[in-house]
Amino acid sequence: MGRNGTDEPRIDEGLAGTRYLHTDQIPLDQLTPYPGNAKRGDVEAIRASLRKNGQYRSLVVRHIENGPLIVLAGNHTMRALAAEGAEEARCEIVECDDATARRINLADNKLAELGDYDDRALLDLLDGLGKDYEGTGYSDEDLTRLLAPPASESALDAAAPDLAASGPSLADRFLVPPFDVLDARQGWWQERKRQWLSLGIRSEEGRERDDGKGGRALTFEGWARRDPEYYKKKSAIEQRTGRGLTAAEFEAEYYSPPNNALAGGTSVFDPVLCELAYRWFSAPGATVVDPFAGGSVRGLIAAFLGRPYIGNDLSQQQVEANRAQVEDLSCRGLFNASPPPPPASEKRQSYDSTDLTPVEEHGGHLVKRDDLFTVDGSAGGKVRSCLALASAPGVVGLVTAGSRQSPQVNIVATVARRLGLPCRVHVPKAKGPLTPELEAARAAGADIVEHTPGHNTVIIARAREDASARGWTEIPFGMECATAVEATAAQVANVPRDVQRIVIPVGSGMSLAGVLRGLRDHGLDHIPIVGVSVGANPEKRLDTYAPGWRSAVSLVHSELDYHQHASKTSLGNLALDPVYEAKCLPFLSPGDLLWVVGRRGSLPPHDASIATPIPKWSVGDSVQWVKDLPPESADLIFTCPPYYDLEPYSSDPRDLSSMDYDAFDEVYAQIISGAARALRNNRFAVFVTGDARDTKGELHDLRGATIRAATGSGLIYASGAVLLTPLGSVPKVAARTFSGTRTLSRVHQDILIFCKGNRSEAARACGDVDIHLPDHLASEFTKSVEALASTPEPPPSSSRQPLSPGGTSWDSPES
């Protein structure tokens, strides 16, 4: 019998005919290759591995009394060591008979060939090396093979194109084929761009500045692009002054623009590129961070596609213009802005808190949907409890306390607005922008009062003092009151008797206390509960409101910090709160019921395809702004930095476009590092960049500076693309610049794609690419087609055919 009680023979050196003696460093000239070794190994590949990895495996050498030391396994490693100049090798010395020696040699050569690979696991291993495969025996060709479609699919493409064409094309699946050349000249691309702009996107607004000559200039598409003589004039002034000039100095002190400058007006960052970046590299509901926000287009497209957007810009004027556009678009119903306060006749509308929220099935599990009790977007049992407290006779105002991430502050603010009551929320003070919860509370009309220190005991005490001084009603921190327990207990009535367990997120513990009370009241106390603690220890509160809870509850702790969002935030097609319910998913087992306590109102609706969260812009220095971003709070970085001093935005010394190149690179790297810190693990970052000319007309490598800064911040350089756009005015200046300096006119932009963590996991976090437009946008696009029917048509081809590197251009980041 074997060691595990089976008939399998156990491994025993005596029975196996091999006895291990010792491990030693043996001079190579004392080793003898195995006579007649049939394997023909790749010595050069082994040499590459030795150079990169060292000798990580011993040779197996047979000791024969008064005979030679014969290498049974590792013959080609021995040759590779000799070729690399090594004098000795690490060897495991064994004793065995002739037959066993022959079997060891054959087995070592053959057994590895008999195994197979898990291609997904192999891809993950290779992905972890970036593109540095040296010493592994793998190459880019191997990676291409792993990524290629199955042979049957390839055969279908080659032998039966008519059948292949009947399936979805790359364009049908991804909007345009995901190649490393993106061609914005295509008719479909141009039509899509016109549709986006027809919504009223005016990204050029806010980019005017004082030109120093009593007029206004447009800061993004500068004179360097519009005046063919620009660099000639600039060089002449530099020779006269004896020093190099930045573009900002030259234009402010010496430059006189021509009256007939080419390509007047300001361009708009391509909204189709935004759409592709968001759809390809993030999931609906993903938070987008943009440290070089500029115009409104990246924020607006993110919002239209259901991605919360947070951007920063140094220009107050620019940010105000962006916010004004949001207001205009909200008035047209294109954003899900906070609903207006209800008419006085509706403010005291009656909500029946005894109505049972349903039990549904999602992802193979029963789910108690207490999040379906809603008041103006805020959802869940805490809303029900707050409404009950706030609707009591004599309530004239509401005060509460909560963390900056807590949904309670927005819940109380929303209920107060619905009931026509003033509201104040007390929270810890912190650097950086307001959290989505606090932004939503402020939008609902609440006064936000921040405190230092921001311990829970401090904010609770200040809220209580505030409520007492004003004669308002305090909504307890964590909804800690008997009313909350009773309201939740009533909801247990429709829980099926045969569920195996109830799994519930635990913050303050009040919802858990209510469920325990309800199980007892409805004769269901045979059902055990798994409480997933996501924050501070709730035990004292449970001892008060649910005595004896320990006999009925297994309290487990999420591995994630309270402020950290779960990576998986859905159960089947049901979106979950990333701070609470989503952290329960690792603890669900077959037969369990997940109790959904609620869903914060600042999140997109469950149907993320129609969510249009309001984009947020702040004003300030991005060096500090990225430092203030919470760690791992972003799902995608999408941005386009200034192109050194090519287009001066301002004379502010903090403005990258006003810095010399070395200072630019240093500060630029700091900003990228801070943004990378804010990016969640297994997520992507996309930068739109390109080379820029220095004061002498020589190219300066912004693309390389971006790669160095990103990889230096721990991001992996994952892939990239060339973006080709319409030529515009380039043909008018190409002959002159080529004839004068043999300069090739730049007709493309670089799209650089980085990943924090594992690319395969990041791709899984993005989910399938959704190419569908929300219904209200599709309707607007249809209207735009009709409105543009009388305008000139785009280039003839309107199909999304495979892309070719045709003559197209994008002279500046916005075109």
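Just so we're aligned, residue -10 is where the sequence shown starts under our numbering, counting upward by one. Using N, Cα and C, we set each Cβ at its ideal position, and we do this for glycine too.
Supposed contact pair residue j and residue i - C-beta distance, whole angstroms, cut 8 Å
i    : j    : result
V50  : I93  : In fact, because the Cβ distance is near 11 Å, the residues do not count as touching under 8 Å.
L713 : A173 : 6 Å
E350 : R358 : Not really, about 11 Å apart at Cβ, beyond 8 Å.
C85  : G6   : 6 Å
L20  : L58  : 5 Å
G370 : G524 : About 16 Å separates the two Cβ atoms, so there is no contact after all.
A379 : L410 : 7 Å
A652 : A698 : Going by Cβ atoms, the distance from A652 to A698 rounds to 14 Å, so no, they are not a contact pair.
Q394 : V261 : The Cβ separation is near 35 Å, so there is no contact.
K557 : L574 : 6 Å
Neighbourhood of residue i by C-beta, 7 Å cutoff - its chain only, sequence neighbours within 5 removed
i    : result
G203 : Any reading at G203 needs caution, since the residue's pLDDT is 38, under 50, leaving its predicted position unreliable; the model's value is listed next. Here the set comprises nothing.
S622 : T276 and A667
Q553 : E621
A473 : S374, M499 and G503
E77  : Q14, I15, P16 and L17
Counted within 10 angstroms of its Cβ, other Cβ atoms place residue i as buried (16 or more) or exposed
i    : result
I760 : exposed
E180 : buried
Q480 : buried
E385 : Looking at the sequence itself, residue 385 is Val, so the reference to Glu does not match. V385 comes out exposed.
S547 : buried
P280 : buried
N483 : exposed
N55  : exposed
T424 : buried
F727 : exposed
Test item: CB-CB of residue i and residue j under 8 Å
i    : j    : result
R530 : G498 : yes
S702 : S662 : yes
V675 : I742 : yes
V492 : L583 : yes
L345 : P485 : no
L265 : V372 : no
D18  : I82  : no
A310 : V388 : no
G520 : G496 : no
D360 : V585 : yes
A72  : R36  : yes
V416 : I437 : yes
L501 : A535 : yes
K745 : A665 : yes
V758 : H737 : no
F258 : R232 : no
S522 : L544 : yes
Three-state secondary structure assigned by DSSP to residue i
i    : result
I59  : strand
A148 : Low local confidence applies: a pLDDT of 40 at A148 is under 50, so the model's placement there is unreliable, with the coordinate-based value given in what follows. A148 falls in the helix class under three-state DSSP.
G386 : coil
G746 : coil
Y657 : helix
Y809 : Because the chain in this structure spans residues -10 to 804, residue 809 falls outside the shown range and cannot be described.
L544 : strand
R79  : strand
N94  : helix
G43  : coil
G679 : coil
F673 : strand
D13  : strand
T7   : strand
E454 : helix
G693 : helix
L565 : coil
Y298 : strand
V165 : coil
E54  : coil
E469 : coil
Same chain, Cβ closer than 6 Å to residue i, neighbours up to 5 away in sequence not counted
i    : result
D514 : L508
P517 : R490
K605 : I299
G580 : Q489
Beta-carbon proximity list for residue i, same chain, < 8 Å, skipping 5 on both sides
i    : result
R692 : T678, G679, D680, D739 and L741
Q314 : G189, I190, R191, E194, S285 and L289
Any C-beta of chain C under 8 Å from that of residue i
i    : result
D161 : The structure shown contains no chain C; it holds only a single protein chain.
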